[in-house]
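> For the sequence shown, the numbering used here begins at 75 and goes up steadily by one.
Backbone N, C-alpha and C fix where the C-beta goes; we use that ideal spot for every residue, glycine too.
Treat the numbers as computed from the prediction; the structure is a model and nothing was measured.
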Amino acid sequence: MDVKVDGDETPITKVANLFKKQGVILEQQDIMAIHRIPVGKGSTKPVLIKLMNNSAKSNLMKKPQDYEGCR
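(1) Let me make sure I understand the geometry here. Which of L134, A130, M135, K136 has the alpha-carbon closest to that of D104?
(2) Got a sec? Which residues, its chain only, sit under 7 Å from L125 by beta carbon, not counting five neighbours each side?
(3) So what does DSSP say about Q99, is it helix, strand or coil?
(4) Going straight from the alpha carbon of G97 to that of K136, what length do you get?
(5) Please go through the same chain and pick out, in chain order, the residues whose beta-carbon is closer than 8 Å to the beta-carbon of Q102, but skip the five residues on each side of it.
(6) Report buried or exposed for L122, applying the criterion of at least 16 other Cβ atoms within 10 angstroms of its Cβ.
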């Protein structure tokens, strides 16, 4: 997923807000780690998210993959 971070926003808050807009409840404490994946220059770096438990992951996977604000 490509996530652009603007200003004072952190990747964790941006991802949590992105999923909240799509109707998926993902709290900041559900995210164990979030990392940017290096890519070539001039493109947005995708993020890799590790979640604390499988129930949060299941909620994300049940939703369609068409997340607004990505790519």
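The short version:
(1) A130
(2) Here the set comprises D104, I105, M106, K131.
(3) A small fix is needed here, since residue 99 is Ile in this sequence, not Gln. Here I99 sits in coil by DSSP.
(4) 11 Å
(5) For Q102, where only same-chain residues beyond five positions count, the Cβ hits under 8 Å are I86, T87, A90.
(6) exposed
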